[in-house]
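S.K.: One structure, as structure tokens, below. Some questions next.
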Amino acid sequence: MLIAIFLGGSNNLSWATLVLIYSNIEAKVFWLGIIAIILHVISYLDAMNQPWVLTADLIGIAAHILLIFVPSFFYISLILIWLSIFLTLRKAYKHKHLQTRA
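In short: position in the sequence shown from 1, add 26, done, that's the numbering used here.
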């Protein structure tokens, strides 16, 4: 759905539609947010020697807490979650690449 919004594939999809859909499923997203926070904490504890992954996990935890308690900041939470995913994938790949070289 997000890809269709960004590419402008349909006139029916917009940011307002995305927020409306999110507000309708907010109760279900709450439980997914709790699970995501728990998984970020586990990842945080597992990645003690990778500072960028620790930072990404903290950003992810903050984003999910913001999403749960202040749903009107949906866009900010979405950007923070994307940033967390990007940092995790980018820096974890570099760390794994450096480990295999040694």
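Ideal placement from N, C-alpha and C gives every residue a C-beta, glycine not left out.
Return the Cβ separation of Ile61 and Ala89 in integer angstroms, given the expectation that the two are a contact with Cβ distance under 8 Å.
M.R.: That pair is no contact at about 14 Å.
S.K.: Output the boundary residues of the alpha helix (DSSP H) element that contains Ala53.
M.R.: 52-72
S.K.: Just to confirm the assignment, what range does the alpha helix (DSSP H) spanning Phe26 have?
M.R.: As displayed, the chain neither begins before 27 nor continues past 128, which places residue 26 out of reach and without an answer.
S.K.: Are the beta-carbon atoms belonging to Val55 and Ile87 less than 8 Å from one another?
M.R.: No, Cβ-Cβ distance for Val55 and Ile87 is not below 8 Å.
S.K.: Can you tell me whether Ser40 is helix, strand or coil according to DSSP?
M.R.: coil
S.K.: Please classify Ile105 as buried or exposed, where buried requires at least 16 other C-beta atoms within 10 Å of its C-beta.
M.R.: exposed
S.K.: Cα-Cα, which of Leu109, Tyr101, Lys117 is closest to Leu46?
M.R.: Tyr101
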